[in-house]
Structures are given as C-alpha cells and as structure tokens.
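Enquirer:
Number of protein chains: 4
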Amino acid sequence: MSDLKPKLDAAGVNALMRRAFPESGQDGLPQVMSVAPGRVRVMRPYGPGMLRPGEVISGPVLMALADTAAYALVLAHVGDQLMAVTSSLTVNFLRGCKPADLYAEAEMLRLGRRNAVCEVRLWTEGPERLAAQATVTYALPQP
Amino acid sequence: MSDLKPKLDAAGVNALMRRAFPESGQDGLPQVMSVAPGRVRVMRPYGPGMLRPGEVISGPVLMALADTAAYALVLAHVGDQLMAVTSSLTVNFLRGCKPADLYAEAEMLRLGRRNAVCEVRLWTEGPERLAAQATVTYALPQP
Amino acid sequence: MSDLKPKLDAAGVNALMRRAFPESGQDGLPQVMSVAPGRVRVMRPYGPGMLRPGEVISGPVLMALADTAAYALVLAHVGDQLMAVTSSLTVNFLRGCKPADLYAEAEMLRLGRRNAVCEVRLWTEGPERLAAQATVTYALPQP
Amino acid sequence: MSDLKPKLDAAGVNALMRRAFPESGQDGLPQVMSVAPGRVRVMRPYGPGMLRPGEVISGPVLMALADTAAYALVLAHVGDQLMAVTSSLTVNFLRGCKPADLYAEAEMLRLGRRNAVCEVRLWTEGPERLAAQATVTYALPQP
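Protein chains in written order, with this note's numbering: chain A, 504 to 646; chain B, 504 to 646; chain C, 504 to 646; chain D, 504 to 646.
As structure tokens, this is what we get:
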C-alpha cells in the first residue's frame, strides 16, 4: 500500500505515545524505530517480567506489542488520533520466543475512514524466524 | 460439554498457577473463583496501571486475562500440565470496559489430545454487558 | 443479551434472505428455524457437494453457514438492511463434521450502531458435539 | 521463510488437488499459478454464482479460496498429504471485491511437524488493493 503517506515520523509517533501512556515509562515503553509508507517498526527492550514458564517471552507481552505496533502505525498515518481503539486482534504464536529485544513490524492492509486493518509480525531471533503474527483492527474516531 | 470432568478444583488451579507464575503475586494475580464441568470463572482485582486513554481498562489487560482464563480452564481439566502453550487467540472488543474488578468466564469448546479450544467472555459491569469475547487455542504437551 | 428485541420472525428473515440471494434456491438455501432475543438458529439440509476428503463436511460449507447465520441474526434484529456486510470472520474447526443436516446457532454479543459481533456454533451430531465455532463481525450500513 | 524447499511444482499441486476434489471440475476449480519457496499463487476464474448483493464477490467465495490457497501451499511443501485439515481461519474483508478473476497469494509463516500457519492475501483489482486477508492454520497428519 505504497500510496499511503505518513503524517508523522518515528519521533512524532513516540512523542504522541508518551503522551497517551504517561505511566508506561518506567518499564520500557516500546520505541518506534522507523516509519515508512504503510509500515512501522517498533522495539521493546528485553526486561525482567517478560517471561513465562519455559523461559520464553510470554503471550501477553507479544500481544501487547502487536497492539502497540498497530496503534503506532495508525498514529503515523492519521496523525493525532489518540482515541483510536482496538476493535479486534487475532494472534498466532508460531514458535517459542527466545528472550531478547522484541521487534514488531506492522503493515497497513487497509486504511478506511472508519477502520484500519494492520498485519503485525514479531520476533526476537530475526524476521525470518517469526515468534508470532497478528492482525489488528482499529476503529477510528468519527468527526 | 457437560461430559467433561474437572481434575482440579479452584484451589488446586490457583495453587498450580502460583507455581507457574511465582513473580506475579505483587500486582494481583488473577484468582480462579469457580470450576465446573467445562467451565471456569476467574477474576482480576481492579488496580492501578490497568487503564488506557479514555479511562477504560486497556486491551492488553483484557487479552492477558482471556489467556489466563483459558489456561486455568485447561489446567482444571487436564491437571498438572504447566507447559501447555497458547497457540492462537482472537479477541473482539465489544465496548469500553469500565474500571472495576474484571471477570472472565471460559468455556471448553473442544478438549482433544493435542489441542484445547476455549471461548472466553469478559466483563466488569456484568455478564450481560460484555466488554470483550475471545477464543483461545492451547497446544497440549505430548507424552 | 436478553434486552434485544427482534424486529422479524423466522418467516420474515427467510423472506428477506430469499430476496437477497435469489439464485441460491436450487441448492438448498439455509432456512432460519427460530428467532429469539439475541439468537437465531438456522439449518442447511444435507446435500451432495458438501463433503471433503475424509467424508466430512467441508470447511467452506461450515464457514458459509456461519456467515449466513450471523447475517440472519443481524437481519432479525435490525430489519431490512440487506447491505450489511461481513467485516471479519474467525472460525475454529473442532472435529470432523459428520454428513447430516447442518445446524448453526448464532448469538449476538454486541449490536452497536456501526457493527454487530456474533458468535456462531455449528454441528450435525448435536449441540454438545460442536463441529465448529465462529465469531463474525458485520458492518452495518450508515444512514 | 526462504529456507523452505517446495517438494512439488504448480503442476504437481494441481494434479493432487484434482485428485482430492474430483467433483469440483465443473465450476472452475482454482488453479495453482506458481510455487516458490514458502509461497504459492492461485487463481479462481470469475464465474456466475460468485456475487452477493452489491455486485461484489461474496465472502464465502473469498474464504473458500483463502482455504484452498493455504491447502495448496501446504501440499507444495509437504507433498502428498491430502488429509491435512484446516484447524482455524481468520479473514478480514478489506473492501468490496469487484467481479473479475480472483487471485490469492499464500505465504508460509511457520511449517512445523504438527501444524502449518499461512497468511493469504486476496484480490481482483491488484495486489496493492487487497479485497481480503486471512490467516489459516492446517493440522498435519501424524505418522
């Protein structure tokens, strides 16, 4: 969907997200690394409390980052719309996610007036060894 | 699926889950309230850090509790299988989730040898005003 | 969601659906069997062409009936809105679906102004031995 | 996932699929157009009976092709395993699907011993204007 034009760069999205989640600073708010037409990449630094039994990164941590990556993607393309809300999320866990900095790349599949549908892929080992894949739908605030 | 017979009661599942997530105590680990054939109810007490912009309970908190409720349901019916892992989760957010103690009821749709498929409904206002609904698939460890 | 009041009964929904899909008559259009507050039951008579290898009813037949059941549920509660369109569908196949008349029961989880979210359960052997379960989201036409 | 090596080419997969669905010939069985490491492209020729109200290709037609594309992708990479069965499918409908030959491209996200998880994108207007996107999980027969 290369006809999409971002309205914000990575720094702009990071600033918006810090405003939306002021309390999240202490435990490593995910950072937007890059913004491109129809895409963003975010990263959450590895930290304690992210693991589940089996010494892999837990499902809720992966789901939260999938949601955040989609939110960042929406903000990058529609601008200051903090009230966009997730309406659905489907995640497939593909393999145990080894402990390390966690990356997510989100791609816009469809940006309409009412909704945005995003695909998100997550990994720690590398983008060719995905830990999880998600599709996330956001409802956009109506004027 | 009333032909299912739980192997553990609520106290037994709570004990297993405390063993699986020893660090989670400090911020209010969800409690299993009741276990019945094919069903469990869990509750996470309301606490700080559960909100998102708009003063509603955040999506990741709802997703995490949906996953926990399905995990508790699996443990209740297969016993001490801490290594069961989520293979997929789909959640639909139905309305803003007002701040209060968060309940989840999970129902077993299918318990096979390899997988368990669970439906989960979540609310704070009451079970007739759902905040979210999820389906969760767990992969069971193979002997 | 017992506060929902259907606007149409089973005969009314069947009439609307025949109007929406005039060509479907020849191969056994599903019939709405009953309408209740927040619920409908539909049935597709068993017929040739519904099977896949292994002599079970095929996934696409189950998905199509899940979609139809959700559509019937929406029509029953909002009336003559033929242009409601499916926006997403998630289905879990739970066990092989033995060849017989195929039933689906759809329940409204949330009926908003913009969307309806429905849960659908499908079976041939009986409602306590589900063949599949789906969640279906419909976008409602805006005035 | 370029480390995947297909075991069958397009002609090989087409031959297998004709064997699996011998009755489907008459109404335009989808054709596998190409097979590459981790990917296949399939096409279903436009024909009558594919439309829904609004003169767009119906959801069940899109879902059936998503399922077929994932099945073709699995067959291409594991060989003659006709008894692979869909275990779940999530589809997002992104825009009305204009009547024309319908294309689907499926990508393998994870091929394990027990399961395969595939992403599928569908279009008639072009791959940069998707009509739908799906994730499909197949359970593989166990030796």
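Beta carbons are placed, not taken as given, at the ideal position from N, Cα and C, and that holds for glycine.
Treat the numbers as computed from the prediction; the structure is a model and nothing was measured.
Let me check you understand the geometry: is the CB of Lys-510(D) closer than 7 Å to at least one non-hydrogen atom of the ligand FMN?
Expert: The ligand content of the structure shown is nil, which means the ligand FMN is not present either.
Enquirer: For a cutoff of 8 Å on Cβ pairs, would you count Asp-570(C) as touching chain D?
Expert: Cβ-Cβ to chain D under 8 Å: yes for Asp-570(C).
Enquirer: Would you mind reading off the limits of the alpha helix (DSSP H) that contains Arg-521(C)?
Expert: Where Arg-521(C) is concerned, the enclosing alpha helix (DSSP H) stretches over 513 to 523.
Enquirer: Kindly say whether Met-586(B), judged by its beta-carbon, lies nearer than 8 Å to any beta-carbon of chain C.
Expert: Answer no: the Cβ-Cβ gap between Met-586(B) and chain C never drops below 8 Å.
Enquirer: Measuring only the C-alpha atoms, how far is Val-538(D) from Phe-524(D)?
Expert: Computed Cα separation, rounded: 20 Å.
Enquirer: Measure the alpha-carbon distance for Gln-529(D) versus Leu-511(B) and round it to whole angstroms.
Expert: Low confidence applies to Gln-529(D): its pLDDT is 46, below 50, so where it sits in the model is not reliable, and the reading given next is rough at best. Straight-line Cα distance between these residues: approximately 54 Å.
Enquirer: Looking only at DSSP bridge pairs, what is Ala-603(B) linked to?
Expert: DSSP lists no partner for Ala-603(B).
Enquirer: Using 10 angstroms around the beta-carbon of Gln-645(A), count the other beta-carbons present and answer buried if the total reaches 16, otherwise exposed.
Expert: With fewer than 16 other Cβ atoms within 10 Å, it is exposed.
Enquirer: Using beta-carbon positions only, say whether Val-620(C) and Leu-576(C) come within less than 8 Å of one another.
Expert: Contact flag unset, no.
Enquirer: For the putative contact between Arg-613(D) and Leu-565(A), defined by C-beta atoms under 8 Å, what is the C-beta separation to the nearest angstrom?
Expert: That pair is no contact at about 14 Å.
Enquirer: Where does the unbroken beta strand (DSSP E) through Leu-568(A) begin, and where does it stop?
Expert: Taken as a continuous stretch (DSSP letters only), Leu-568(A) belongs to no beta strand (DSSP E), being part of the alpha helix (DSSP H) at 562 to 581.
Enquirer: Give me, in chain order, the residues of the same chain whose beta-carbon lies closer than 7 Å to that of Thr-593(C); leave out the 5 immediate sequence neighbours on both sides.
Expert: Taken in chain order, the residues that qualify are Ala-637 and Thr-638.
Enquirer: Nearest by alpha-carbon distance to Asp-604(B): which of Glu-622(B), Arg-616(B), Leu-585(B) and Pro-630(B) is it?
Expert: The shortest C-alpha separation from Asp-604(B) is found at Pro-630(B).
Enquirer: Residue range of the beta strand (DSSP E) that Met-536(D) falls in?
Expert: 534 to 539 is the extent of the beta strand (DSSP E) around Met-536(D).
Enquirer: Mind listing which residues of the region 593 to 627 of chain D have their C-beta closer than 8 Å to chain B's C-betas, in chain order?
Expert: Cβ contacts with chain B come from Thr-593, Arg-617 and Asn-618.
Enquirer: Rounding to the nearest angstrom, what Cα-Cα distance links Arg-555(B) and Lys-601(B) in this structure?
Expert: For Arg-555(B) and Lys-601(B), the distance between alpha carbons rounds to 11 Å.
Enquirer: Note down the Cα distance separating Arg-598(B) from Met-611(C), rounded to an integer number of angstroms.
Expert: So the two alpha carbons sit approximately 13 Å from each other.
Enquirer: Given that Gln-645(C) touches chain B, what residues does it touch there, using C-beta distances under 8 Å?
Expert: What Gln-645(C) touches in chain B: nothing, since even the nearest Cβ is about 19 Å away.
Enquirer: If I measure Cβ to Cβ from Asn-595(A) and keep anything under 6 Å in the same chain, skipping five residues before and after, which residues do I get?
Expert: The answer, listed in chain order, is Gln-636.
Enquirer: Cβ closer than 9 Å: which chain D residues qualify as neighbours of Leu-576(A)?
Expert: Those within 9 Å of Leu-576(A) in chain D number zero; the least Cβ separation is about 15 Å.
Enquirer: Looking at chain A, is there any beta carbon in it that lies within less than 8 Å of the beta carbon of Leu-633(D)?
Expert: Output row for Leu-633(D): interface = yes.
Enquirer: Does the Cβ-Cβ distance between Ala-587(A) and Val-545(A) come in under 8 Å?
Expert: The answer is no: Cβ separation not under 8 Å.
Enquirer: Any Cβ of chain C within less than 8 Å of the Cβ of Thr-589(B)?
Expert: Thr-589(B) does not count as touching chain C.
Enquirer: With C-beta atoms as the reference, is His-580(D) less than 8 Å away from Pro-533(D)?
Expert: In this structure, Pro-533(D) does not lie closer than 8 Å to His-580(D) by Cβ.
Enquirer: What span of residues does the beta strand (DSSP E) with Met-586(B) cover, start to end?
Expert: From DSSP, Met-586(B) is part of no beta strand (DSSP E); its letter is neither H nor E.
Enquirer: Can you pull out the residues from the region 533 to 564 of chain A whose beta carbon lies closer than 7 Å to at least one beta carbon of chain B?
Expert: Those would be Gly-552, Pro-556, Gly-557, Gly-562 and Pro-563, in chain order.
Enquirer: Identify which residue in Met-536(A), Asp-506(A), Asp-583(A) and Trp-626(A) has its Cα closest to the Cα of Leu-519(A).
Expert: Nearest of Met-536(A), Asp-506(A), Asp-583(A) and Trp-626(A) to Leu-519(A), Cα basis: Asp-583(A).
Enquirer: For a quick check, are the C-beta atoms of Ala-642(C) and Arg-616(C) less than 8 Å apart?
Expert: Not a contact, by the Cβ cut-off of 8 Å.
Enquirer: Determine the closest residue to Asp-609(C) out of Arg-522(C), Ile-560(C), Val-535(C) and Ser-590(C), with distance taken between C-alpha atoms.
Expert: The sequence as given places Ala at residue 609(C); Asp does not occur at that position. Measuring from the Cα of Ala-609(C), the nearest candidate turns out to be Val-535(C).
Enquirer: Can you check DSSP and say which residues form a bridge with Arg-555(D)?
Expert: Arg-555(D) is bridged to Val-559(D).
Enquirer: Start and end of the beta strand (DSSP E) containing Thr-638(C)?
Expert: 635 to 642 is the span of the beta strand (DSSP E), which, as asked, contains Thr-638(C).
Enquirer: Count the other CB atoms, across all protein chains shown, that sit within 10 Å of the CB of Ala-514(C); report buried if there are 16 or more and exposed otherwise.
Expert: With fewer than 16 Cβ atoms within 10 Å of its Cβ, Ala-514(C) is classed as exposed.
Enquirer: Which word fits Asp-570(A), buried or exposed, when buried means at least 16 other C-beta atoms lie within 10 angstroms of its C-beta?
Expert: Label assigned to Asp-570(A): buried.
Enquirer: Measuring straight from C-alpha to C-alpha, what distance separates Ala-572(C) and Ile-560(B)?
Expert: For Ala-572(C) and Ile-560(B), the distance between alpha carbons rounds to 31 Å.
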